[in-house]
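Q:
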Amino acid sequence: MNKVLIASKNKGKIKEFEAMFAKHGIKVYSLYDLEEDYDLEETGTTFEENAALKAETIMEITNTMVLADDSGLVVDALDGRPGVYSARYAGEEKNDEANLQKVLKELEGIPAEQRAARFVAVLALSVPGEKTRTFRGACDGIIIDEKRGENGFGYDPIFYLPDKQKTMAEISKEEKNKISHRAAALKKLEEELGTL
6 MNKVLIASKN
16 KGKIKEFEAM
26 FAKHGIKVYS
36 LYDLEEDYDL
46 EETGTTFEEN
56 AALKAETIME
66 ITNTMVLADD
76 SGLVVDALDG
86 RPGVYSARYA
96 GEEKNDEANL
106 QKVLKELEGI
116 PAEQRAARFV
126 AVLALSVPGE
136 KTRTFRGACD
146 GIIIDEKRGE
156 NGFGYDPIFY
166 LPDKQKTMAE
176 ISKEEKNKIS
186 HRAAALKKLE
196 EELGTL
């Protein structure tokens with residue numbers, strides 16, 4: 006297999022994957038390159054289930070190696086919510102600001118030491134004729150009660166990194182790409198690529 010389909014329309018993610026796979030001589034293409042538009046329902050209850058569902062569905066249609074991902078925010082004080090519902094936590098229209106405000110509202114009155122959270126990313130790699138493999142990465146932090154920073158998206162402005170003394174939205178893109186949940190999952194995937 007010298008090509009992989011990235012089951013995403015996120016141009017930033019696609020570029021990240023292109024850079025990594027290029028080192029292994031694997032050509033990347035994405036959902037933009039397919040004639041049909043696939044909007045897959047995420048019906049799983051875990052990040053692993055959702056990522057595998059996307060990868061396997063598209064692999065069966067295209068008969069090629071497919072990489073899909075699912076990611077989100079897990080807050081301990083909220084029993085793991087928003088979790089797999091992170092993108093649509095405040096409603097189906099996927100509004101970042103509404104999602105962030107809902108988390109802040111639910112955490113009102115909860116002290117900082119009980120606001121532990123992590124961003125989780127799971128990559129699923131489906132290869133025709135093989136069992137789907139998943140790779141999980143996480144980045145730990147604390148949810149603060151006000152937005153800080155202009156970089157990033159989603160929950161980044163309220164996700165505080167104690168060792169950096171900044172939120173995810175206050176660090177540079179380069180820094181984020183080194184420490185993020187997706188970076189951790191990508192590192193695990195890259196270690197596996199030699200075995201493909």
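Just so it is clear: in the sequence shown, position 1 is 6 by the numbering used here, and no numbers are missing.
All C-beta atoms, glycine included, are put in the ideal place defined by N, C-alpha and C.
(1) Between the region 79-93 and the region 128-142, are three or more C-beta pairs nearer than 8 Å?
(2) What first and last residue would you give for the alpha helix (DSSP H) that runs through Leu198?
(3) So the candidates are Ile148, Leu191, Lys192 and His186; which of them puts its Cα closest to the Cα of Thr172?
(4) Go to Met70, then tell me how far its beta strand (DSSP E) extends in each direction, as first and last residue.
(5) Pull the bridge partners of Asp145 from the DSSP assignment, please.
(6) At the level of alpha carbons, what is the spacing between Gly159 and Glu21?
(7) If I measure Cβ to Cβ from Lys18 and keep anything under 8 Å in the same chain, skipping five residues before and after, which residues do I get?
(8) Is the number of C-beta pairs between the region 31-45 and the region 93-110 that are closer than 8 Å three or more?
(9) If you count every other CB in all the chains shown that lies within 10 Å of the CB of Ser91, and 16 or more means buried, which is it?
(10) Can you give the Cα-Cα distance for Ile163 and Lys152, rounded to whole angstroms?
(11) Checking the sheet assignment: what are the DSSP bridge partners for Arg138?
(12) Would you decide whether Ile66 is buried or exposed? Buried here means 16 or more other CB atoms lie within 10 Å of its CB.
(13) Ala143 and Arg120 - do their beta-carbons sit closer together than 9 Å?
(14) Distance, Cα to Cα, Ala95 vs Leu45?
(15) Taking the C-alpha atoms as reference points, what is the distance between Asn7 and Ser185?
(16) Am I right that Phe52 and Val132 are in contact with their C-beta atoms under 8 Å? What's the rounded C-beta distance?
(17) With a threshold of 6 Å on Cβ separation, who are the neighbours of Gly157 within its own chain once the five nearest residues in sequence on each side are excluded?
A: Here's the rundown:
(1) no
(2) Residue mapping note: residue 198 aligns to position 193 of the sequence shown, counting from 1. Where Leu198 is concerned, the enclosing alpha helix (DSSP H) stretches over His186 to Leu198.
(3) Residue numbering aside, residue 172 sits at position 167 when the sequence shown is read from its first letter. Per the Cα distances, Ile148.
(4) Counting from one through the sequence shown, the residue named residue 70 turns up at place 65. Per DSSP, Met70 belongs to the beta strand (DSSP E) from Met70 to Val80.
(5) The sequence position of residue 145 within the sequence shown is 140, counting from 1. Per DSSP, Arg123.
(6) For the purposes of this step, residue 159 is taken as the residue at position 154 of the sequence shown. For the purposes of this step, residue 21 is taken as the residue at position 16 of the sequence shown. Rounded to whole angstroms, Gly159 to Glu21 spans 18 Å at the Cα level.
(7) By 1-based counting over the sequence shown, the position of residue 18 is 13. For Lys18, where only same-chain residues beyond five positions count, the Cβ hits under 8 Å are Ile11, Asp74 and Arg187.
(8) no
(9) Counting from one through the sequence shown, the residue named residue 91 turns up at place 86. So Ser91 ends up on the buried side.
(10) The count along the sequence shown starts at 1 and reaches residue 163 at position 158. The count along the sequence shown starts at 1 and reaches residue 152 at position 147. Spanning the two alpha carbons is a distance of roughly 5 Å.
(11) Residue numbering aside, residue 138 sits at position 133 when the sequence shown is read from its first letter. Paired residue(s): Leu130.
(12) Position 61 of the sequence shown holds residue 66. Ile66 should be labelled exposed.
(13) Counted from its first residue, the sequence shown places residue 120 at position 115. Counted from its first residue, the sequence shown places residue 143 at position 138. In this structure, Ala143 does not lie closer than 9 Å to Arg120 by Cβ.
(14) Stepping through the sequence shown from its first residue, residue 95 is reached at position 90. Stepping through the sequence shown from its first residue, residue 45 is reached at position 40. Going from the Cα of Ala95 to the Cα of Leu45 covers about 20 Å.
(15) As a position in the sequence shown, residue 7 is number 2, starting the count at 1. As a position in the sequence shown, residue 185 is number 180, starting the count at 1. Taking the straight line from one Cα to the other gives about 27 Å.
(16) Residue 52 sits at position 47 when you count from the first residue of the sequence shown. Residue 132 sits at position 127 when you count from the first residue of the sequence shown. Not really, about 20 Å apart at Cβ, beyond 8 Å.
(17) The residue labelled residue 157 in the question sits at position 152 within the sequence shown. Met173 and Ala174, listed in sequence order.
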